[in-house]
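Asks: Here it is, the structure in full.
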Amino acid sequence: MNPLTRLYKALLRMYPRDCRAWCAPEMLDAFEKAAGEHRVRGLAALARFSLAELSGLLVEAGAAWISKFTSSKYMRGFWIPTTMRRPGQSPENWCPPGARVLSDVLEAQKRVDFNLRQMVDAISDRDYKRARFYSEEDLRARNQ
Amino acid sequence: MRHVGEQPDSSSRPLTEPVLLILLSLADKPRHGYALMKDIETLSAGRVRMTTGTLYGALRRLLEDAWIERFEQEDTSREKQAYRLTSVGRRQMAGELDRMKQLTRAAAARLRAREA
């Protein structure tokens, strides 16, 4: 890994952990590909690209933190499990606001969401024992 | 600036350029992050080059609003998680394009009237 990629990877740690869990690997992958393209265009192009990327990262990391503490929808994109929806069905259509859903279904969904959150947090912390525990809890909740 | 439309909610506000470009890029087929960056550059004839931070910030907001959704493409690695438009996103894009068409028509009419 070259120094620029290492710096980018380090700066990704400024994002909130839950946000980082889904976007960091993809962002790093896209960055490496784009950096490779600019590298062949010359040092000046690479310098401009690096400056734009690193400053963009700072701004968006800040925006992600603001969103985390101010937006009630922050978690929606991350946590609604696609496996519980029909293929191609959006989260909004799957459970539209104000829809009448049986309370036990909602309770089960809350349990599943909670287990998923814990599982991803545990994976982010590299605590695989805890991740396995919540994975089993998740299976149990889905089978109920 | 206050926008008055049929829908008084936030979804009736004009879209920002990055958001519109992302929606347009996803209109024909699902794409992953890097493919989106490349396609947006092509769509805007090289005028817009989104940084990864801007792109993923916009993707996060679109996911929050359920205008796009994320799914795993078969036979690919984790880095190839792709994004596709939802029906809500497609509606928003169509609404924005209608708004832009109407604005373009009005602008053209004004310019013609001035020239005449």
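So the protein lines, in turn, are chains U and V.
Be aware that the first sequence starts at 5, since it is given in my numbering, and climbs by one per residue.
Be aware that the second sequence starts at 8, since it is given in my numbering, and climbs by one per residue.
Here a beta-carbon is modelled for each residue, glycine too, at the ideal position from N, C-alpha and C.
(1) Report the residues of the region 28-48 of chain U with a CB closer than 7 Å to any CB of chain V, ordered along the chain.
(2) Tell me which same chain residues have a C-beta within less than 8 Å of the C-beta of U:THR87, skipping the five on either side of it?
(3) Output the distance between the C-alpha atoms of V:THR111 and U:VAL63, rounded to the nearest integer angstrom.
(4) Check each residue of the region 54-77 of chain U: if its Cβ is closer than 9 Å to any Cβ of chain V, include it; give the result in chain order.
(5) Going by C-alpha distance, which of V:ALA123, V:ALA101, V:LEU118, V:ALA113 is nearest V:LEU33?
(6) Would you check if the distance between the CB atom of V:ILE75 and the CB atom of V:LEU62 is smaller than 8 Å?
(7) Buried or exposed: where does U:TYR132 fall if 16 or more other Cβ atoms within 10 Å of its Cβ makes it buried?
(8) Can you tell me whether U:SER128 is helix, strand or coil according to DSSP?
(9) Interface residues of chain U around V:THR58 at Cβ under 7 Å?
(10) Can you give me, in chain order, the residues of the region 26-49 of chain V that have a beta carbon less than 8 Å from any beta carbon in chain U?
(11) Please work out which residues of its chain come closer than 8 Å, Cβ to Cβ, to U:ARG17, disregarding the five sequence neighbours upstream and downstream, and give them in chain order.
(12) Can you tell me which of the three DSSP states U:ARG104 falls into?
(13) According to DSSP, simplified to helix, strand and coil, what is V:GLY22?
Replies: Concretely, from the data shown:
(1) Within the region 28-48 of chain U, the residues whose Cβ lies closer than 7 Å to some Cβ of chain V are PRO29, GLU30, MET31, ASP33, ALA34, PHE35, LYS37, ALA38, listed in chain order.
(2) Any reading at U:THR87 must be qualified, since the residue scores a pLDDT of 41, below 50, and its modelled position is unreliable; the value itself is stated next. Cβ within range, chain order: n/a, list empty.
(3) Approximately 33 Å between the Cα atoms of the pair.
(4) Result list: ALA56, GLU57, LEU58, SER59, GLY60, LEU61, LEU62, VAL63, GLU64, ALA65, ALA67, ALA68, SER71, SER75, LYS77.
(5) The residue with the shortest Cα to Cα distance from V:LEU33 is V:ALA101.
(6) No.
(7) Residue environment: U:TYR132 is assigned as exposed (fewer than 16 neighbouring CB atoms within 10 Å of its CB, all protein chains considered).
(8) In this structure, DSSP gives U:SER128 a helical state, which the three-state scheme calls helix.
(9) Within 7 Å Cβ-Cβ: ALA56, GLU57, GLY60.
(10) Across the region 26-49 of chain V, CB contacts with chain U closer than 8 Å involve HIS39, GLY40, TYR41, MET44, in sequence order along the chain.
(11) By the criterion of a C-beta distance shorter than 8 Å, U:ARG17 is surrounded in its chain by ARG24, once the five residues flanking it on both sides are discounted.
(12) Legend: pLDDT at U:ARG104 = 42, less than 50; position of this residue unreliable, value from coordinates given subsequently. Coil, per DSSP.
(13) First, the residue type needs correcting, since residue 22 of chain V is Leu and not Gly in the sequence shown. DSSP places V:LEU22 in coil when its eight states are reduced to three.
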